[in-house]
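Read left to right, the sequence shown gives residues -17 to -1, 1 to 447 (mature numbering (1 follows the signal peptide of the UniProt record, and there is no 0)).
Think of the CB as a built atom: it goes at the ideal place given N, C-alpha and C, for glycine as much as any other residue.
One structure is given below, encoded as structure tokens.
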Amino acid sequence: MAFFLALVCILILLAIASYVQYTRWQKGKGRFGGHGRSAPLKLPPGSMGWPYLGETLQLYSQDPSFFFASKQKRYGEIFKTHLLGCPCVMLASPEAARFVLVTQAHLFKPTYPRSKERMIGPSALFFHQGDYHLRLRKLVQGALGPDALRALVPEVEAAVRSTLASWDAGHVRSTFHAMKTLSFDVGIVTIFGGRLDERRKAELRKNYSVVEKGYNSFPNSLPGTLHYKAMQARRRLHGVLCDIMRERRGQAQAAGTGLLGCLMRSRGDDGAPLLSDEQIADNVIGVLFAAQDTTASALTWIVKYLHDHPKLLEAVRAEQAAVREATGGGRQPLAWAHTKSMALTHRVILESLRMASIISFTFREAVADVEYKGFLIPKGWKVMPLFRNIHHSPDYFQDPHKFDPSRFQVAPRPSTFLPFGHGVHACPGNELAKLEMLVLIHHLVTGYRMTHGWLLPLSMGLRL
Ligand code: HEM
Ligand SMILES: *[C@@H]1O[C@H](CO)[C@@H](O)[C@H](O)[C@H]1NC(C)=O
């Protein structure tokens, strides 16, 4: 019953929102009716579906990939539609993705539902554009850059070992669950520089998982709902982070290493702190959020692809056995240089990212009327670069549905391989994510043997 009521509410709200948008859009249509322009720009091809709901139901009643792919087949690289109350232009070519995310990025701003923004933290970098974004991004990139990562290898290795040990002991619900624990732990050491006591870590983990559960639930302020609980847990997370910052300011070693230290030490030209505690907390929660499920999905897909391709698994195992030799049979820790000598494993990672296309597409909003190849993208419309369609198009990847890491022996053409996005908002965590994958694969294939059903969540003493 509650579910039904929620559904009805959502539909009514959607209808109102899309009606407002639709009438605005109808009025806006006149703008380009030729005055001042010799050839008025036309909107991209495509259908806008029903007046209120657009094509939202079509999208959700089919496999989304199928929805996008069939549109692309019919209309080409750029087409319009109407989803969740918003008129959208979808872009399915590398050139168009580059236009929106790189060359004309200033004409397209990030756009997220207000409720998600409040849940993650309004000052988190992915919601921003311009100066604030640029400054913050430099700090985040610094904390996730090569020097920082080199120092993180032992921490990542420790997290991988402990994940595999608990998996092996049968303490995990599913592969994805195990991988989420791993990516959360790595997120924590990246942020706090390995200097966080277990009590704090447990507080963060528990409260974060409550936030996560409510992230996709219907936004409302009724006590007891998932959304409400998530917002409360978010406030507690914020409190824990502020406590940690206060403690660190009081200590002689100051803020310490890790992303948190970088953010706390940042100073503007006048020497004053660049970021408030509020802004720092939003960004810490934002990075945890951006890092966890994405990396965990990638790791899970890799495990599945290796499992499905036994010959490839053997080749990867041979490559990793050589690395294991180089570490004295696993007695010495893995070093950064070792992770750079895993060529085949690296290609397996790239191919997994292409096949799985974890972030299938992203959203931006046009901040002005924009022309693309003679088509008009009206101000206020959403644009969606469709990464997955590009990755799965035979125009850019031969035999796209075949899992074939050897295709990456040759670098993909520019702007065709975008698992981490493109341009000013491209993923600053991509090297860390790849490091995690390399280290996990190393220990998985050298330490474990496969038996049937190793993906079954309940299998005990799991051996690859
Ligand atoms: C396999 C794992 C990952 C994938 C597939 C992935 C994918 C992406 C993509 C596609 C974007 C761009 C979104 C857009 O343009 O709208 C992005 C942004 C971002 N990612 Fe990742 N990511 C991964 C792991 C990580 C990790 C481990 C971290 C941090 C430790 C991270 C932090 C971020 C942040 C902070 C942004 C926002 C950047 C900005 O707006 O300037 N990601 N990620
Ligand atoms: C959340 O954080 C608070 C500290 O603010 C802590 O007392 C609590 O145990 C944490 N866990 C959960 C599940 O909320």
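Contact belief for residue 422 with residue 296 at Cβ below 8 Å, rounded distance in angstroms: Actually they are not in contact, since the Cβ atoms of residue 422 and residue 296 sit about 17 Å apart, beyond 8 Å.
Separation of residue 379 from residue 32, as counted between CA atoms: Rounded to the nearest angstrom, the gap between the Cα atoms of residue 32 and residue 379 is 30 Å.
Short Cβ contact (8 Å threshold) for residue 172 with residue 126: no
Identity of the residue in 420, 432, 358 nearest residue 73 by Cα: It is 358 whose Cα lies nearest to the Cα of residue 73.
Beta-carbon contacts of residue 203 that lie in its chain and below 6 Å, excluding the five residues immediately before and after: Its chain contains 210 as the residues whose beta carbon lies nearer than 6 Å to that of residue 203, once the 5 sequence neighbours on both sides are disregarded; these appear in chain order.
Residues near residue 340 by beta carbon distance below 8 Å, same chain, minus five either side: Within the same chain, residue 340 has close Cβ partners 370, 371, 374, 375, 402.
Helix, strand or coil at residue 429 [DSSP, three-state]: helix
Simplified DSSP state of residue 254, which is helix, strand or coil: coil
Closer than 7 Å: residue 203 CB and nearest ligand 2 heavy atom: no
Residues near residue 302 in its chain [Cβ-Cβ closer than 7 Å; skip 5 each side]: 325, 327, 328
Outcome for residue 185 when other beta-carbon atoms lying within 10 angstroms are tallied against a minimum of 16: Of the other Cβ atoms in all chains shown, fewer than 16 fall within 10 Å of the Cβ of residue 185; this residue is therefore exposed.
Same chain, Cβ closer than 8 Å to residue 439, five either side skipped, listed in chain order: Reliability fails at residue 439, whose pLDDT of 35 lies under 50, so the model's placement of it is uncertain and the value that follows must be treated cautiously. Closer than 8 Å at the Cβ level, and outside the excluded window around residue 439, lies no residue.
Residue 448 burial status per 10 Å Cβ neighbour count (16 or more: buried): What the structure shows of the chain is the stretch from -17 to 447, and residue 448 is not part of that stretch, so it cannot be assessed.
Where residue 321 falls, given that 16 or more other Cβ within 10 Å makes a residue buried: It counts as buried.
Segment limits, alpha helix (DSSP H) that includes residue 71: Segment 69 to 74 is the beta strand (DSSP E) holding residue 71; no alpha helix (DSSP H) there.
Cβ contact (3+ pairs, closer than 8 Å) linking the stretch 400 to 415 and the stretch 127 to 135: The stretch 400 to 415 makes contact with the stretch 127 to 135, as at least three CB pairs between them are under 8 Å.
Per DSSP, the bridge partner or partners of residue 93: 347
Element boundaries [alpha helix (DSSP H), containing residue 360]: Counted as a single uninterrupted DSSP element, the stretch harbouring residue 360 is not any alpha helix (DSSP H) but the beta strand (DSSP E) occupying residues 358 to 360.
Contact test: residue 329 Cβ vs ligand 1 heavy atom, cutoff 7 Å: No - ligand 1 has no heavy atom lying nearer than 7 Å to the Cβ of residue 329.
8 Å Cβ shell around residue 94 - same chain, five flanking residues per side excluded: 346, 347, 348, 365
Residue 223 Cβ short of 7 Å to ligand 2 heavy atom set: Residue 223 Cβ: within cutoff of ligand 2.
Where residue 355 falls, given that 16 or more other Cβ within 10 Å makes a residue buried: Answer is buried; the Cβ neighbour count reaches 16.
Residue 307 to residue 400 span [Cα, whole Å]: 31 Å
Ligand 2 heavy atom lying under 7 Å from the CB of residue 194: When distances are taken from the beta-carbon of residue 194 to the heavy atoms of ligand 2, even the shortest one reaches 7 Å or more.
Any non-hydrogen atom of ligand 1 closer than 7 Å to residue 134 Cβ: no
Buried/exposed call for residue 175, threshold 16 Cβ in 10 Å: buried
At least three beta-carbon pairs within less than 8 Å, the stretch 279 to 297 to the stretch 151 to 164: A contact exists between the stretch 279 to 297 and the stretch 151 to 164.
Span of the beta strand (DSSP E), counted from its first residue to its last, around residue 198: Counting along the chain, residue 198 falls outside any beta strand (DSSP E), though it belongs to the alpha helix (DSSP H) covering 181 to 198.
C-beta atoms of residue 177 and residue 138 nearer than 8 Å: In contact: residue 177 and residue 138 (Cβ atoms closer than 8 Å).
Assigned exposure category for residue 419 - 16 Cβ within 10 Å defines buried: buried
C-beta contact flag for residue 231 and residue 222 at 8 Å: no
Close Cβ partners of residue 317 (< 7 Å) along its chain, the five nearest in sequence each way excluded: Excluding residues within five positions, the ones whose Cβ falls inside 7 Å are 136, 140, 310, 422, 425.
Contacting residues, own chain, Cβ-Cβ under 6 Å from residue 119 (five flanking each side not counted): Scanning its chain for C-beta atoms nearer than 6 Å, with the 5 sequence neighbours on each side dropped, one finds around residue 119 the residues 108, in chain order.
Beta bridge counterpart(s) of residue 353 as assigned by DSSP: 360
Buried or exposed by the 16-neighbour rule on C-beta atoms within 10 Å, applied to residue 250: exposed
Exposed unless 16 or more other CB atoms sit within 10 angstroms - verdict on residue 265: buried
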